[in-house]
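Okay, so the sequence shown: first residue is 0 according to numbering that gives the first Met the number 0, each after it adds one. All remarks here apply to the structure that follows.
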Amino acid sequence: MENAYVQIGTAMFRTGILGYGGGPSIVPLIRYEAVTRFKWMKDEEFMEVLAIANTLPGPIATKLAGYLGYRMKGGWGALLGVLAHILPTCVAMVGLYSFITFFSTSHVIKGMIAAVVPIVAVMLGVMAYEFGEKAIKGLGWPAGVTFFIIAFLLLQPLSVHPAIVIFMFLLYGAFHHKLKDKWTKSKKTLGKGDGV
Numbered sequence: 000m001e002n003a004y005v006q007i008g009t010a011m012f013r014t015g016i017l018g019y020g021g022g023p024s025i026v027p028l029i030r031y032e033a034v035t036r037f038k039w040m041k042d043e044e045f046m047e048v049l050a051i052a053n054t055l056p057g058p059i060a061t062k063l064a065g066y067l068g069y070r071m072k073g074g075w076g077a078l079l080g081v082l083a084h085i086l087p088t089c090v091a092m093v094g095l096y097s098f099i100t101f102f103s104t105s106h107v108i109k110g111m112i113a114a115v116v117p118i119v120a121v122m123l124g125v126m127a128y129e130f131g132e133k134a135i136k137g138l139g140w141p142a143g144v145t146f147f148i149i150a151f152l153l154l155q156p157l158s159v160h161p162a163i164v165i166f167m168f169l170l171y172g173a174f175h176h177k178l179k180d181k182w183t184k185s186k187k188t189l190g191k192g193d194g195v
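Okay, here's the thing in C-alpha cells:
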C-alpha cells in the first residue's frame with residue numbers, strides 16, 4: 000500500500016501536468032485519480048464535491064486538489080495536493096511560453112495546439128454523459144431530462160451565473176426524494192379513491 004502523501008502528490012502532479020485547457024478539462028483527470036485509480040471516494044461523492052466546488056470562487060481544479068488532499072491527510076495533505084497540482088504547471092508554463100514565443104510563427108506548434116482540442120472535448124463529453132446517466136438513474140427520465148433543459152436554458156440563453164444554478168439544483172436536490180414520495184403517495188391515494 001502506497002503512502003497517502005505519495006498518492007496525493009503523484010495524483011495531483013499528474014492532473015496538473017497532463018491537464019490541458021483549464022479547470023473544466025482537468026476535472027475528468029482528477030475524477031480518474033480520485034475515483035478509479037486510488038478509490039478515495041465513490042463517483043456519487045465526487046459529483047457532490049464537484050457541485051459544491053463549482054459554487055465557490057476560484058479555480059475548480061485547485062479547489063478539488065486541496066479538498067482531496069485535505070480529505071486524505073488534513074491540512075498538510077491539502078497543501079501538498081495544491082502544490083503538487085500547480086507548481087509543475089507553473090514551471091511548464093514558463094518553459095512552454097518561452098518555447099512558443101520563440102516559435103510563434105511555426106505551423107507545427109499551431110497544429111499541435113489545435114490537435115489537443117478534440118481530445119479535451121471528448122474527455123468532457125464522456126464525463127458529462129456519465130454524470131447525466133447517474134442523474135437519470137437518481138431522478139428518473141422525466142425529471143433528469145427536464146432539469147437538463149432547465150439548466151441549459153438558465154446557463155446559455157439566460158446567462159445565469161453557474162453558482163446560482165448549482166445552488167438552485169442543490170436546494171431542490173435536498174428535497175427531491177421527499178417531494179417524490181409525497182407525489183407518489185398522493186397519486187396512489189387518488190387511484191384508490193377512483194376505484195371505490
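From the three backbone atoms N, C-alpha and C, an ideal C-beta is built for every residue, glycine too.
Separation of residue j from residue i, as counted between CA atoms
| i | j | result |
| --- | --- | --- |
| L63 | K187 | 43 angstroms |
| H197 | A10 | Outside the shown range of the chain (0 to 195) lies residue 197, about which nothing can therefore be said. |
| M71 | L82 | 15 angstroms |
| G73 | N2 | 14 angstroms |
| K88 | G76 | Note that residue 88 is Thr in the sequence shown here, rather than Lys. If I take the Cα positions, the gap works out to 19 angstroms. |
| A134 | Y4 | 33 angstroms |
| A91 | F174 | 45 angstroms |
| S213 | R13 | With the chain running from 0 to 195 in the structure shown, residue 213 is simply not present. |
| K217 | Y31 | Coverage of the chain is limited to positions 0 through 195, which leaves residue 217 absent and any answer about it impossible. |
| S60 | S105 | Per the sequence shown, the amino acid found at residue 60 is Ala instead of Ser. Those two C-alpha atoms are separated by around 31 angstroms. |
| G18 | L28 | 7 angstroms |
| W140 | L86 | 43 angstroms |
| G131 | K184 | 27 angstroms |
| A127 | L78 | 29 angstroms |
| V93 | F101 | 12 angstroms |
| G172 | L153 | 17 angstroms |
Beta-carbon contacts of residue i that lie in its chain and below 8 angstroms, excluding the five residues immediately before and after
| i | result |
| --- | --- |
| I99 | I108 |
| A150 | V164, F168 |
Nonlocal neighbours in the same chain, by C-beta distance under 7 angstroms from residue i, ignoring five residues either side
| i | result |
| --- | --- |
| A33 | W39, M40, F45, L67 |
| G80 | I7, M11, A64, G65, L67, G68 |
| V121 | none |
Simplified DSSP assignment, three categories, for residue i
| i | result |
| --- | --- |
| S105 | coil |
| V195 | With a pLDDT of only 46 at V195, under 50, the local geometry of the prediction cannot be trusted, and no value is derived from it. |
| G15 | helix |
| Q6 | helix |
| F37 | coil |
| E1 | coil |
| H160 | coil |
| L55 | coil |
| G21 | coil |
Cβ neighbours of residue i in the same chain (closer than 6 angstroms, five flanking residues each side left out)
| i | result |
| --- | --- |
| I165 | A50, N53, T54 |
| W182 | none |
| D42 | V34 |
Supposed close pair residue i, residue j - CB separation, criterion 8 angstroms
| i | j | result |
| --- | --- | --- |
| G22 | P58 | 5 angstroms |
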